[in-house]
Structure formats: C-alpha cells, structure tokens
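Here is the structure we will look at, set down as structure tokens.
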Amino acid sequence: MTEPEPERVRLDELDGAPHAVVFEHDAPRTIRLTLESDQQLPAHRHPDTDIVCHLVEGELDLALDGESHHLTAGDLLRFSGDHEIAPTAIEDSVAVLVFAPQETD
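If you count the sequence shown from 1, position 13 lands on 13 in my numbering, and the numbers rise without skipping.
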C-alpha cells in the first residue's frame with residue numbers, strides 16, 4: 001500500500017468562511033474557522049467525534065453544554081463532539097479544528 005504524499009497548506013490562502021476545508025482527505029477532517037468579533041455560530045454537535053481546537057488568532061468563548069471555555073491565541077482545547085458546541089468570537093478569530101472519529105472499545 002502506497003502512503004499518501006504529505007500535504008502542506010497556508011491558512012491565509014484557504015477559501016471559505018466561516019468554514020474552510022484545510023485538507024481534501026476526509027480523515028482526520030480539518031477545517032479553518034474564521035469568525036468576526038461578536039459572531040456566534042448556532043449551537044450544534046458532532047456526534048461520535050473528538051475535536052481539537054487550536055485558536056491561532058483572536059479571542060473566543062467556546063461554550064460546551066453551556067459551560068464557557070475562554071480561549072486566547074495559542075490555546076488548544078480537546079473535547080468530545082457529543083457536547084452541544086456554541087462558539088462566539090470576542091474579537092476577530094481564526095481557529096483550526098481537527099475532527100477525529102472517537103475510538104470504540
């Protein structure tokens with residue numbers, strides 16, 4: 001089996017807002033999230049998925065089941081997509097989100 005070639009991208013060259021697909025391959029799904037100051041995404045879930053959020057720029061309030069997690073540039077937060085997720089930008093923000101299938105026992 002041939003291994004896929006490494007892929008390299010620049011976040012500032014991706015198209016799409018608030019979501020831009022980083023890599024064309026599905027696993028792990030990776031997106032760039034861009035939010036303007038005070039912009040909020042509706043509460044939602046990503047069932048059966050573990051998520052890593054890396055806030056690259058800005059300041060973000062990430063509510064998980066209503067519990068606030070304050071992130072500043074450089075922070076990483078790992079959480080289950082089974083939570084109700086509601087991000088709100090405190091200032092213009094850019095994050096990279098990696099979605100991985102949860103391991104089964």
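Built from N, CA and C at the ideal position, the CB exists for glycine as well.
Fair warning: this is a prediction, and the values are worked out from it, not measured in the lab.
Near P42, what residues of its chain come up, given a Cβ to Cβ distance below 8 Å and the 5 sequence neighbours on each side ignored? A86
Cβ neighbour criterion (16 or more within 10 Å) applied to T34: buried
Element boundaries [beta strand (DSSP E), containing E67]: 67-72
Straight-line gap, R78 to I90 (C-alpha atoms, nearest Å): 20 Å
Using DSSP's beta-bridge definition, name the partner residues of E91. E59
Using C-beta distances below 6 Å, list every residue in its chain close to C53, excluding the 5 sequence neighbours before and after it, in chain order. L77, A95, L97
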